[in-house]
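Contents: one structure, followed by commentary.
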Amino acid sequence: GAGVSQSPRYKVAKRGQDVALRCDPISGHVSLFWYQQALGQGPEFLTYFQNEAQLDKSGLPSDRFFAERPEGSVSTLKIQRTQQEDSAVYLCASSPPRVEQYFGPGTRLTVT
Amino acid sequence: DAKTTQPNSMESNEEEPVHLPCNHSTISGTDYIHWYRQLPSQGPEYVIHGLTSNVNNRMASLAIAEDRKSSTLILHRATLRDAAVYYCILISNSNSGYALNFGKGTSLLVTP
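These protein sequence lines are chains A and B, in that order. Here the working numbering = 1-based position in the first sequence + 27. Here the working numbering = 1-based position in the second sequence + 55.
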């Protein structure tokens, strides 16, 4: 079946613009995660959903970052007033509860 | 969270076995040892996991030391497609939904 998909794959934003990144998880997967990966680094945890409930948002770097999953399937990561330090690859992963995660290809965000 | 230590990089010849080490001296009794890998320009993918016993699957083998303070991921015959960053990750029940703490991983270079 289809894997995790993310859109757009590439996004260029001018500093100060708002962006929205979309994640379509594997159908039926309860858990959904967002990670941020800076160049040359490993992915870092941002936030976790179980169905529509956001159970952990401890990794979100500032209040400019907001994530939602209103119907327990598709999720959107929104970044307001983007800054240059927000430039990174944003990865989405989904899984059944407490088993291995399946990752999407990521969205590469470049803030100019 | 218990930490893992991996070499920054390793090199292997194609069609030879590769042993990727991971030290986790502060592992607790309920921590699972997971391995993920990330091919260039892709999201991470699950490789294998274990608790105490050695594990085998179609991708690799995981050898876990008797005291569980270290483990080794074994690729039996490296191919060029195995060139990736390999992450050794400890997961406990306290991790939010099994959120992953990637670290920097080991960059594996496979030469023909």
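Glycine included, each C-beta is placed from N, C-alpha and C at the ideal position. On a predicted model such as this, the values are computed, not experimentally measured, just so you know.
Asked, Found
"Please report the distance separating the alpha-carbon of B/Q93 from that of A/Q68.", "11 Å"
"Quick one: what does DSSP say B/E121 is sitting in, helix, strand or coil?", "coil"
"Using a Cβ-Cβ cutoff of less than 6 Å, which residues in the same chain neighbour B/E70 once the five nearest sequence positions on both sides are dropped?", "R132"
"Kindly give me the distance between the Cβ atoms of B/V73 and B/L130, rounded to whole angstroms, as I take these residues to be in contact under 8 Å.", "4 Å"
"Taking 8 Å as the threshold (C-beta atoms), are A/S102 and A/A94 in contact?", "yes"
"Pick from B/G152, B/H89, B/S147: whose alpha carbon is nearest that of B/S83?", "B/S147"
"With a threshold of 8 Å on Cβ separation, who are the neighbours of A/N78 within its own chain once the five nearest residues in sequence on each side are excluded?", "V57, R96, G99"
"Under 6 Å Cβ to Cβ from B/C77, same chain only, skipping five residues before and after it: list those, please.", "T59, Q61, S126, C143"
"Suppose you measure from the CA of A/L82 to the CA of B/G160; what does that come to, to the nearest Å?", "27 Å"
"Would you mind stating whether A/L66 and A/G86 have Cβ atoms separated by less than 8 Å?", "no"
"Ordered along the chain, which non-local residues of its own chain (more than five positions away) have a Cβ less than 8 Å from that of B/H79?", "A57, K58, T59, T60, D86, I88, R123, K124, S125, S126, C143, L145"
"I want to check one thing, is the minimum distance from the CB of A/S58 to the heavy atoms of the ligand NAP below 7 Å?", "Of the ligands one can find in the structure shown there are none, so the ligand NAP has no counterpart to examine."
"Please name the residue, chosen from B/I103, B/S96, B/L155, B/P95, that lies closest to A/Y75 on a Cα-to-Cα basis.", "B/L155"
"Within 10 Å of its beta-carbon, does B/D137 have 16 or more other beta-carbons around it, so buried, or fewer, so exposed?", "buried"
"Among residues of its own chain, excluding the 5 on either side of B/L135, which ones have a beta-carbon nearer than 8 Å to its beta-carbon?", "E69, V165, P167"
"Beta-carbon within less than 6 Å of B/M114's beta-carbon, same chain only, minus the 5 sequence neighbours each way: which residues are those?", "V102"
"Rounded to whole angstroms, what is the Cα-Cα separation between A/Q33 and A/R135?", "10 Å"
"In angstroms with no decimal places, state the Cα-to-Cα distance between B/L106 and B/S116.", "13 Å"
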